[in-house]
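Trainee:
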Amino acid sequence: MAEESARHTVGDTVVSIMPMGTVPLIPEQDGQEPVISPEESLEDTSIPWFDPPIWPTDLFATAAHVLHISGLLTYFDPDPDVIPRAGEQPMSFTLSLEDRAKCERAGTDWSENGETPDFVYDLWDVVIAAWVQPIRASFYTQKSARKNVPKWWKASLQLLIIADQACAGLGSPRDPDNPRWLVNAFEQFFAQPFARPRKLTEQGAYRAKRQIPTFGRDSDPDVGCVQPKNRISAVGCNMRNLTRNVAYIPHVGNVRCHWHQPINSKLDEDADALDILIIPLPFEMRDNWIRTKDTALPHDDRRPKWGNFEVVQEWLVDQDWIIELVAEEVAKAKLKLKGESLNGIIFPEYALTEAIFNKICGRVKEIAPEMEFAITGSSTNCEGEEGNFVLTAMWKNNELAELKHKESRYLLTSRRKHHRWRLAQSQIKDYDLTKSLDCSSAWWESHKIAQREIHFFHFRKTSVFTTMICEDLARSDPCHDILRAIGPNLLFAILMDGPQIPARWPARYAATLAEDPGTSVLTVTSLGLMERSTAAGKFPPNRTIAMWRDEDGETRPLSLDDKARSMLLSLEPRSVVDQTLDGRKNEKAWSWRYKGAVSL
Numbered sequence: 020m021a022e023e024s025a026r027h028t029v030g031d032t033v034v035s036i037m038p039m040g041t042v043p044l045i046p047e048q049d050g051q052e053p054v055i056s057p058e059e060s061l062e063d064t065s066i067p068w069f070d071p072p073i074w075p076t077d078l079f080a081t082a083a084h085v086l087h088i089s090g091l092l093t094y095f096d097p098d099p100d101v102i103p104r105a106g107e108q109p110m111s112f113t114l115s116l117e118d119r120a121k122c123e124r125a126g127t128d129w130s131e132n133g134e135t136p137d138f139v140y141d142l143w144d145v146v147i148a149a150w151v152q153p154i155r156a157s158f159y160t161q162k163s164a165r166k167n168v169p170k171w172w173k174a175s176l177q178l179l180i181i182a183d184q185a186c187a188g189l190g191s192p193r194d195p196d197n198p199r200w201l202v203n204a205f206e207q208f209f210a211q212p213f214a215r216p217r218k219l220t221e222q223g224a225y226r227a228k229r230q231i232p233t234f235g236r237d238s239d240p241d242v243g244c245v246q247p248k249n250r251i252s253a254v255g256c257n258m259r260n261l262t263r264n265v266a267y268i269p270h271v272g273n274v275r276c277h278w279h280q281p282i283n284s285k286l287d288e289d290a291d292a293l294d295i296l297i298i299p300l301p302f303e304m305r306d307n308w309i310r311t312k313d314t315a316l317p318h319d320d321r322r323p324k325w326g327n328f329e330v331v332q333e334w335l336v337d338q339d340w341i342i343e344l345v346a347e348e349v350a351k352a353k354l355k356l357k358g359e360s361l362n363g364i365i366f367p368e369y370a371l372t373e374a375i376f377n378k379i380c381g382r383v384k385e386i387a388p389e390m391e392f393a394i395t396g397s398s399t400n401c402e403g404e405e406g407n408f409v410l411t412a413m414w415k416n417n418e419l420a421e422l423k424h425k426e427s428r429y430l431l432t433s434r435r436k437h438h439r440w441r442l443a444q445s446q447i448k449d450y451d452l453t454k455s456l457d458c459s460s461a462w463w464e465s466h467k468i469a470q471r472e473i474h475f476f477h478f479r480k481t482s483v484f485t486t487m488i489c490e491d492l493a494r495s496d497p498c499h500d501i502l503r504a505i506g507p508n509l510l511f512a513i514l515m516d517g518p519q520i521p522a523r524w525p526a527r528y529a530a531t532l533a534e535d536p537g538t539s540v541l542t543v544t545s546l547g548l549m550e551r552s553t554a555a556g557k558f559p560p561n562r563t564i565a566m567w568r569d570e571d572g573e574t575r576p577l578s579l580d581d582k583a584r585s586m587l588l589s590l591e592p593r594s595v596v597d598q599t600l601d602g603r604k605n606e607k608a609w610s611w612r613y614k615g616a617v618s619l
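Here it is in C-alpha cells:
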C-alpha cells in the first residue's frame, strides 16, 4: 500500500487563519489594507508571522486551528505521569504537571497585565521552525516518517492553553475585584447595548445590534471563530473539553454566532432562583390553520410527491384578548410567587407576531418590573419579514416597584429557524390533518432559512442561555457542535409538537445535550397541536406541554392541569466544578436544576 503524501504545511495553516499576519501592519496611506506579496508569505517567514499574535483571542484561534487541521489532539495523553517512548506506536505525547502549571501561570499573567509572556515567544519559535513541515498528524505515523513526536505538537497545545487562560472572563461583565484588560477592552468596544440603537416600538423595544462574529481581532472568521465559553464538556476527547474560557467554532458562513453581554447585570445573583412563566399558545389548532400553500402544490415534474404548507395564525385575530390573557397569567404568577421575582416568560413556536410580542412585553413589564427576558416563536421578525422566527427580549435589571422609562427599554433579537418542518404521512395522521393535507405527499414548511444564526445571552453573573426552534433541536447539524463547544447552561426549545413525554424525540435530543456539554434543556409546545395528537389517538389524553432535562439524568414531563392556561416553572442553580482535558478547573460553574412547577 502506497504511503500517503502530505501537502498542507504548518505554515499554510497559520497563514490561512491569520492571512494578514500575526502582527498588524501599518495601513497604506490611501486607507486600504496592506497587500502581502507571495514572495513575502512562505519564503520569508519573518514577515509578517515571525512573532506571535498580540491578541490572546488571535493566538487561541491560531493554535486551535492548527490542532483542528492537524488532528494532533488525539495523540495527547491527559495523564501527566505517562512517559512516551521514542518509536512507540501509536505515537503520543503529554504535558507534565510542571508544563501545565507554567502554561496556566503565563496565561493568567497575560490576562492581568496585558504583556505577551516570553514563554509565548519561545513556544511560537518552535511552531515557526516547523513552517514547512506537514500539518497532518497522521503523516508522522508512517514508516518513512520520523518516530519522535514533532516538537510543534506540544508547543501548539501549550499555546492554546495559555491563550485560553488569558481569555478568562471574556464575554462577562467586568469584575472590579479581578480586573482583566481583555475583558475591559471588549466590553468597552462591543458591549454597549443601547449605543445608537434603533427603536422599534413605543413599548420600549430596541433592535439589538449585530454582535461581532468572532472575538478574534485579526484572525479570519471565514476560517474559524472564537466565542466565549460557559460549560466544559465532561465526556469525549475533543477541542470542546480542552478549553475552559473560549471556544473554537466553524467559520461564520456556516453559522453566525452572536454573544450578548448582560445589561447592567449584578455580580452576586447567580444563586438566585429562576422563575419562568410558560404560556402554551395557541390553545387550539383548527383544521384549516395548517394548510397547503397554493403556489407550491405537488407536481409530477416540479415538486414530485411534495408541496409546501403554511401556518395561519387565526388565533391572533383578537390581539387585545391575547394581550390581556397574558397580563392575567403574569398577575397570577406574581401572586403565586408571593413577592418573589418573576424572571422570564416563554411562548411556543409560531405563538405570536413581532408586533403583538412587543405589546405584550410592554404590558408584562408594568406588572413584573423585575422581568429579565421573554421568548416567543413568531411569524415575523424585527425587520418585518415573514417566516418562522424566535424572538428574545432582554431587559435591564430592575427591582423597583415603579418602572422608570429607561428601565422599561429592552433589546429585541430575532433569528430564523434553521430547518424546515417536513410533515410526512405518519405525522399528518398523528395530528389529524388529513382534511387539509394530502397524505400521499410530503409537505414542507414554507420558510426561508437564509443565514443561519444562533444567539447566546449572558445573564446574571455566569449564566448563559440560548434558544432552538423545533427542528433545530432535532437536527444535529449545524448547531449542536457549536452548542457543545460554547456550553450554555440553559437551552429553551420552542416547539409546535405533540406531548412532551419521555418516550418522544424531544427528550432524546435534550438528553444528549444534558450529557454533553451539561446544558439544562426546557422544551415547550403549544397546547393546541398537542391536543390534536391526543385527540387523534396517537397518545393517551394528557396536557404535557413542557419537558425538563438536566445532567442529573431524569427527564421530567410537565403537565398542565385541566382548564389551566399557564405554568410557573421554578429552577434553582447548583454549583458544579467543570474540568478540562488538561486538568484545569472551573469552580464557578452553575447547572440549572428543576425545583418545581405549578399550573395557574
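Residues 20 to 619 (the working numbering) are what the sequence shown spells out, left to right. Even for Gly, the Cβ is constructed at its ideal location relative to N, Cα and C.
1) Quick one: using the 10 Å Cβ neighbour count with 16 as the cut-off for buried, is C256 buried or exposed?
2) Determine the direct distance from the alpha carbon of I297 to that of F95, and round the result to whole angstroms.
3) Would a C-beta distance cut-off of 8 Å place I488 and P576 closer than the cut-off?
4) Look at the alpha carbon of F476 and the alpha carbon of R193, and state the distance between them as a whole number of angstroms.
5) Straight-line CA distance for V85 to H27?
6) How would you write the range of the beta strand (DSSP E) that Y369 sits in, first residue to last?
7) Just mark I341 as buried or exposed, buried being the case when its beta carbon has 16 or more other beta carbons within 10 Å.
8) In angstroms, rounded to a whole number, what distance separates the CA positions of A608 and A292?
9) Just the Cα atoms here: how many angstroms apart are R568 and T574?
10) Just to confirm, are S589 and A565 a CB contact at a threshold of 8 Å?
11) Roughly how many angstroms separate the alpha carbons of N197 and W129, rounded to a whole number?
12) Just verifying my parser: in three-state terms, what is the DSSP assignment at Y613?
13) Any chance you could list the beta strand (DSSP E) runs of at least 3 consecutive residues sitting entirely within the stretch 512-543, in chain order?
14) Per DSSP, what kind of secondary structure is A292 in: helix, strand or coil?
15) Pick out whichever of F209, N249, E570, K448 has its Cα sitting closest to the Cα of F484.
16) With Y225 as the anchor, note down where its alpha helix (DSSP H) starts and where it stops.
17) How far does the alpha helix (DSSP H) with T127 in it reach, from first residue to last?
18) Across which residues does DSSP place C276 in a beta bridge pair?
19) Taking the continuous beta strand (DSSP E) assigned at P576, which residues delimit it?
20) Ordered along the chain, which non-local residues of its own chain (more than five positions away) have a Cβ less than 6 Å from that of Y613?
21) Please list, in chain order, all residues of the same chain as E348 whose beta carbon is under 8 Å from its beta carbon, the five residues on each side excluded.
22) Per DSSP, what kind of secondary structure is V245 in: helix, strand or coil?
23) Using three-state DSSP, classify L407 as helix, strand or coil.
24) Give the secondary structure of A350 by DSSP, where H, G and I count as helix, E and B as strand, and everything else as coil.
25) Among the candidates P301, C380, H466, W611, whose CA atom is the shortest distance from the CA of P367?
26) Whole angstroms are fine: how far does the CA of S459 sit from the CA of Q184?
27) Alpha carbon to alpha carbon, how far is E22 from A156?
28) Do M515 and L548 count as a contact pair if the criterion is CB distance below 8 Å?
29) Got a sec? Which residues, its chain only, sit under 6 Å from S35 by beta carbon, not counting five neighbours each side?
30) On a CA-only basis, which of W440, T411, R441, I447 is nearest L430? Give me that one, please.
31) From the DSSP output, in three-state form, read off H27 for me.
32) Between the alpha carbons of T399 and R229, how many angstroms are there, rounded?
33) In terms of residues, what are the limits of the alpha helix (DSSP H) holding F138?
34) Are the beta-carbon atoms of P97 and S115 separated by less than 8 Å?
35) Quick check on the burial criterion: 16 or more other C-beta atoms within 10 angstroms. Buried or exposed for V336?
36) Whole angstroms are fine: how far does the CA of L344 sit from the CA of Y450?
Mentor: Well, looking at it:
1) As a working note, residue 256 is residue 237 in the sequence shown. Burial check for C256: the Cβ neighbour count within 10 Å stays below 16, so the residue is exposed.
2) What you label residue 95 is simply residue 76 of the sequence shown in a count that begins at 1. What you label residue 297 is simply residue 278 of the sequence shown in a count that begins at 1. One C-alpha to the other measures close to 46 Å.
3) For this step, residue 488 is matched to residue 469 along the sequence shown. For this step, residue 576 is matched to residue 557 along the sequence shown. The answer is no: Cβ separation not under 8 Å.
4) On the sequence shown, position 457 is the one that residue 476 refers to. On the sequence shown, position 174 is the one that residue 193 refers to. Roughly 16 Å separates the two Cα atoms.
5) In the sequence shown, the residue the question calls residue 85 occupies position 66. In the sequence shown, the residue the question calls residue 27 occupies position 8. So the alpha carbons of these two residues sit roughly 11 Å apart.
6) Translated into the one-based positions of the sequence shown, residue 369 becomes position 350. No residue range can be given for Y369, since it is assigned to no beta strand (DSSP E) and is classified by DSSP as neither H nor E.
7) Here residue 341 refers to the residue found at position 322 of the sequence shown. Its Cβ being crowded by 16 or more others within 10 Å, I341 is buried.
8) On the sequence shown, residue 608 is found 589 positions in, with the first residue counted as 1. On the sequence shown, residue 292 is found 273 positions in, with the first residue counted as 1. A608 and A292 have their C-alpha atoms some 15 Å from each other.
9) Within the sequence shown, residue 568 is the residue found at index 549, counting from 1. Within the sequence shown, residue 574 is the residue found at index 555, counting from 1. Cα-Cα distance, rounded: 5 Å.
10) Residue 589 sits at position 570 when you count from the first residue of the sequence shown. Residue 565 sits at position 546 when you count from the first residue of the sequence shown. Contact: no.
11) Working through the sequence shown from its first residue, we reach residue 197 at position 178. Working through the sequence shown from its first residue, we reach residue 129 at position 110. Note on geometry: alpha-carbon atoms of N197 and W129 lie some 13 Å from one another.
12) Taking the sequence shown and counting its residues from 1, the one referred to as residue 613 is at position 594. Y613 falls in the strand class under three-state DSSP.
13) Listed in chain order, the complete beta strand (DSSP E) runs (minimum 3 residues) inside the stretch 512-543 are 539-543.
14) Within the sequence shown, numbered from 1, the residue matching residue 292 stands at position 273. Note: A292 maps to coil in three-state DSSP.
15) Taking the sequence shown and counting its residues from 1, one reaches residue 484 at position 465. When only C-alpha atoms are compared, the closest one is N249.
16) As a working note, residue 225 is residue 206 in the sequence shown. First-last for Y225: 224-226, but that is the beta strand (DSSP E), not the alpha helix (DSSP H).
17) On the sequence shown, residue 127 is found 108 positions in, with the first residue counted as 1. Counted as a single uninterrupted DSSP element, the alpha helix (DSSP H) harbouring T127 occupies residues 116-132.
18) Position 257 of the sequence shown, counted from the first residue, corresponds to residue 276. Residue pairing by DSSP places C276 opposite I473 in a beta bridge.
19) Here residue 576 refers to the residue found at position 557 when the sequence shown is read from its first residue. Note, P576: beta strand (DSSP E), 574-578.
20) Position 594 of the sequence shown, counting from 1, holds the residue named residue 613. Around Y613: W567, R575.
21) To locate residue 348, count along the sequence shown from 1; it is residue 329. Result list for E348: L296, I298, R584, S585, L619, in chain order.
22) Here residue 245 refers to the residue found at position 226 when the sequence shown is read from its first residue. V245 falls in the strand class under three-state DSSP.
23) If you number the sequence shown from 1, residue 407 lands on position 388. The sequence shown places Asn at residue 407, rather than the Leu named in the question. Strand, per DSSP.
24) Taking the first residue of the sequence shown as position 1, residue 350 is located at position 331. Looking at A350 - three-state DSSP - the assignment turns out to be helix.
25) As a working note, residue 367 is residue 348 in the sequence shown. Closest option to P367, Cα to Cα, is P301.
26) Looking up residue 184 in the sequence shown gives position 165. Looking up residue 459 in the sequence shown gives position 440. Going from the Cα of Q184 to the Cα of S459 covers about 57 Å.
27) Counting from one through the sequence shown, the residue named residue 22 turns up at place 3. Counting from one through the sequence shown, the residue named residue 156 turns up at place 137. The predicted model places E22 with a pLDDT of 47, which falls under 50 and marks its position as unreliable, so this point remains unresolved.
28) Reading the sequence shown from its first residue, position 529 is the one you call residue 548. Reading the sequence shown from its first residue, position 496 is the one you call residue 515. For L548 and M515, yes; Cβs fall inside 8 Å.
29) Counted from its first residue, the sequence shown places residue 35 at position 16. The residues V242, in chain order, have a CB closer than 6 Å to that of S35 in the same chain once the five nearest residues on each side in sequence are set aside.
30) As a working note, residue 430 is residue 411 in the sequence shown. Comparing alpha carbon positions, the residue from W440, T411, R441, I447 closest to L430 is T411.
31) Start at 1 with the first residue of the sequence shown, and residue 27 comes out as number 8. The three-state secondary structure of H27, taken from DSSP, is coil.
32) Counting from 1 along the sequence shown, the entry for residue 399 is found at position 380. Counting from 1 along the sequence shown, the entry for residue 229 is found at position 210. When the Cα atoms are used, T399 and R229 turn out to be separated by approximately 18 Å.
33) For the purposes of this step, residue 138 is taken as the residue at position 119 of the sequence shown. Secondary structure note for F138: its alpha helix (DSSP H) is the uninterrupted segment 137-148.
34) Residue numbering aside, residue 97 sits at position 78 when the sequence shown is read from its first letter. Residue numbering aside, residue 115 sits at position 96 when the sequence shown is read from its first letter. Not a contact, by the Cβ cut-off of 8 Å.
35) For the purposes of this step, residue 336 is taken as the residue at position 317 of the sequence shown. A residue is called buried once 16 or more other Cβ atoms fall within 10 Å of its Cβ, and V336, having fewer, is exposed.
36) Translated into positions along the sequence shown, residue 450 becomes position 431. Translated into positions along the sequence shown, residue 344 becomes position 325. Each residue's Cα considered, the two are about 26 Å apart.
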